[in-house]
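S.K.: In our numbering, the protein residues as written are 1122 to 1244. Below is one structure. I have some questions about it.
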């Protein structure tokens, strides 16, 4: 994939992550798997590094616009996410690639239906 197209995809993902609070992994993993031909395991590992950067910039932007009330919940959330990421990476190596891809796909469908249900007033 040409680098300018990769850059534009990154800009789009960054905009959606900042605008909607969409987890970058929900967008990055499919892009890397379908667009770059990466394995799901490689894409999930790479997305963690990218998501960290997006998270730092996004958190700074939200805090600068007055979301100070979040400061109290950030430290335990960050520590929990770090512990969870370590556990996920360790367990990911024992999960077959096909099962990981099915699990990720299923999660995306469930999340999409949950959001849609909220939009139409079911939740």
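Backbone N, C-alpha and C define an ideal beta-carbon position, used for all residues, glycine too.
Taking the alpha-carbon of residue 1157 as reference, which of 1239, 1215, 1123 has the nearest alpha-carbon?
M.R.: The option with the nearest alpha carbon to residue 1157 is 1123.
S.K.: Tell me the residue span of the alpha helix (DSSP H) that contains residue 1241.
M.R.: From DSSP, residue 1241 is part of no alpha helix (DSSP H); its letter is neither H nor E.
S.K.: For residue 1213 versus residue 1159, is the C-beta distance shorter than 8 Å?
M.R.: Their beta carbons are not under 8 Å apart, which means residue 1213 does not touch residue 1159 by this criterion.
S.K.: Assuming the contact rule is C-beta atoms closer than 8 Å, residue 1135 and residue 1175 should be a hit. Round their C-beta distance to whole Å, please.
M.R.: Indeed, because the Cβ distance is near 6 Å, the residues count as touching under 8 Å.
S.K.: Tell me which residue opens and which closes the alpha helix (DSSP H) that residue 1186 is part of.
M.R.: It is not in any alpha helix (DSSP H) - residue 1186 carries neither H nor E in the DSSP assignment.
S.K.: Where does the unbroken alpha helix (DSSP H) through residue 1212 begin, and where does it stop?
M.R.: Start and end: 1195-1213.
S.K.: Since residue 1222 contacts residue 1163 with CB under 8 Å, what's their CB separation in whole angstroms?
M.R.: Between residue 1163 and residue 1222 the Cβ distance is about 12 Å, and since that is not below 8 Å, they are no contact.
S.K.: The alpha helix (DSSP H) with residue 1127 in it runs from where to where?
M.R.: First-last of the alpha helix (DSSP H) with residue 1127: 1124-1141.
S.K.: So what does DSSP say about residue 1171, is it helix, strand or coil?
M.R.: Reduced to three states, the DSSP call for residue 1171 is helix.
S.K.: For the pair the region 1186-1196 and the region 1125-1143, tell me if three or more CB-CB distances fall below 8 Å.
M.R.: Flag = no, the region 1186-1196 and the region 1125-1143 do not touch.
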